[in-house]
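Here the sequence shown is numbered in numbering that gives the first Met the number 0, starting from 0 and rising by one per residue.
Backbone N, C-alpha and C fix where the C-beta goes; we use that ideal spot for every residue, glycine too.
Everything on this sheet refers to the single structure shown next.
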Amino acid sequence: MTAVTGPAASAVDLLLLGRSSDPGSERGVSCPGELPAASSPDLVDRARAAKQALGEQLFVLGHHYQRDEVIEFADVTGDSFKLARDAAGRPGARYIVFCGVHFMAESADILTGADQQVILPDLAAGCSMADMAGIGQVEDAWDELVDAGVADGTVPVTYMNSTAAIKAFTGEHGGTVCTSSNAERALRWAFEQGERVLFMPDQHLGRNTAVLKLGLDLSDCVVYDPHKPGGGLTAAQLRAARMVLWRGHCSVHGRFSVSSVNEVRARIPDVNVLVHPECRHDVVTAADAVGSTEMIIATLDAAPSGSAWAVGTELNLVRRLAGAHPDKRIVFLDKSVCYCSTMNRIDLPHLVWALESLQAGAVVGRIQVDEQVARWARVGLDRMLALPG
Ligand code: 13P
Ligand code: SF4
């Protein structure tokens, strides 16, 4: 038998094996300066001391998906909508430390004053969904709509989970930003402005909201794939569609499945299945209720003692909710789904590093959106903040 020998491992193979890193593709992963060791026993005291020293100059925002060790130092917690509002409502704070992901910090920078600085403690805390739509791809998609003769009647709506450049495109083209807590209102508003919506970048939030909240049919929705010529759609398909959904998804919520719903129903009698609208349409329809992060929290707060819930959203939040409600049985919908790895990049060492740097007069991890981009992105964000309640 002939021995099969492969070629010597290339640099790429080694990278895939995790033996090295590619500085070109991992910008922001390294942390300039002295990052405290995760094992340092005094991290909590150091974070406390730095926060106290910075006093009123500092405002720390914590997204609900952040780790417990980080949430402990947040002045306010919330979903991306609430945190955008909170950031805009604190003009006195010189430093806004955003414990969340990149697109949220960008939105905070856009909504805050020129004398305020927004800091993301780890610049590598991005969002895989936001990365699924690039501004060049969005401009190409719009050109397809122009060529199909339907751009005029199309209103772009972008989920908060998108780059500032896409928010700016949306603002400039008469559209709005939305979050999971106001997607229904955003879509109702959009259909008052035009007959068709280009929804980016989360196909699931777009489809679930259009079908389950607005009563559109699944056949009213088409999926635009930025990796295919023409998005993989004909001009006739674009003309017939009411919802043109960007082919993007959340790598965490997209992993919940109908079999996880069936499994938990078999395991826990009378369980209520509650999922985020970033889950796939079949999962959402198999669940008992669907709602944004804030809605999930409010539902569990109001649930009767003794009730049982299987929750399909980020694990940090589900674990905290289970701890906060020991009188209710709250379980994670699918044990094989993991934390949002980018949200989890913000940890206590990075928070301490960011706060102590500020204390020493150095701003690290600053998020600064180009003013031209920010001007139009603000239009899209302000439209969202003004949506009827
Ligand atoms: P929210 O809009 O609920 O804050 O969600 C943000 C997010 O990243 C969900 O995956
Ligand atoms: Fe992005 Fe999903 Fe993580 Fe939210 S949970 S930040 S959508 S990857």
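By Cβ distance below 6 Å, which residues in the same chain neighbour residue i in space, the five residues on each side in sequence not counted?
i, result
"His-172", "Pro-155"
"Ala-189", "Val-154, Val-156 and Val-196"
"Thr-169", "Pro-155, Thr-157 and Gly-379"
"Pro-90", "Gly-112"
"Met-231", "The sequence as given places Gly at residue 231; Met does not occur at that position. Hits under 6 Å: Asp-224."
"Pro-120", "Ile-345, His-349, Leu-350, Ala-353 and Gly-364"
When DSSP labels each residue in this structure, what does residue i get in the three-state scheme?
i, result
"Ile-389", "Here the chain covers residues 0 to 388 and nothing more, so residue 389 does not appear."
"Gln-192", "helix"
"Ala-124", "coil"
"Ile-329", "strand"
"Gly-61", "strand"
"Met-242", "strand"
"Ala-129", "helix"
"Ile-118", "strand"
"Phe-102", "helix"
"Asn-181", "coil"
"Leu-34", "coil"
"Asn-271", "strand"
"Thr-76", "strand"
"Thr-284", "helix"
"Ala-209", "helix"
"Asp-21", "Residue confidence for Asp-21 is low, a pLDDT of 46 falling below 50, so the modelled location carries little weight and cannot support an answer."
"Gly-311", "strand"
"Phe-198", "strand"
"Leu-380", "helix"
"Val-96", "strand"
What does the Cβ neighbour count give for residue i, buried or exposed, with the cut at 16 atoms within 10 Å?
i, result
"Val-372", "buried"
"Leu-237", "buried"
"Gln-51", "exposed"
"Val-145", "exposed"
"Gln-367", "exposed"
"Asn-160", "buried"
"Gly-360", "exposed"
Relative to the ligand SF4, is the shortest distance from any of its heavy atoms to the C-beta of residue i smaller than 7 Å?
i, result
"Ser-106", "no"
Looking only at its own chain, which residues have a Cβ that is under 7 Å from the Cβ of residue i, when we skip the five neighbours before and after it?
i, result
"Ala-46", "Phe-72, Leu-347, Leu-350, Val-351 and Leu-354"
"Gln-136", "Pro-225"
May I ask you to check if the CB of residue i is nearer than 7 Å to at least one heavy atom of the ligand 13P?
i, result
"Met-383", "no"
"Thr-111", "no"
"His-349", "no"
"Asp-78", "yes"
"Ser-218", "no"
"Ser-256", "no"
"Thr-178", "yes"
"His-203", "no"
"Thr-298", "no"
"His-62", "yes"
"Ser-356", "no"
"Thr-284", "no"
Can you give me the Cβ contacts of residue i inside the same chain, cut-off strictly under 8 Å, excluding the 5 residues immediately before and after it?
i, result
"Ser-127", "Cys-249, Ser-250 and Thr-341"
"Val-69", "Gly-61, Cys-98, Ile-345, Asp-346, Leu-347 and Leu-350"
- prompt: What residues does the ligand SF4 have around it, judged by CB closer than 7 Å to any heavy atom, in chain order?
  reply: Tyr-64, Val-100, Cys-126, Ser-127, Met-128, Ala-129, Asn-160, Cys-249, Ser-250, Val-251, His-252, Glu-277, Glu-313, Cys-339, Thr-341 and Met-342
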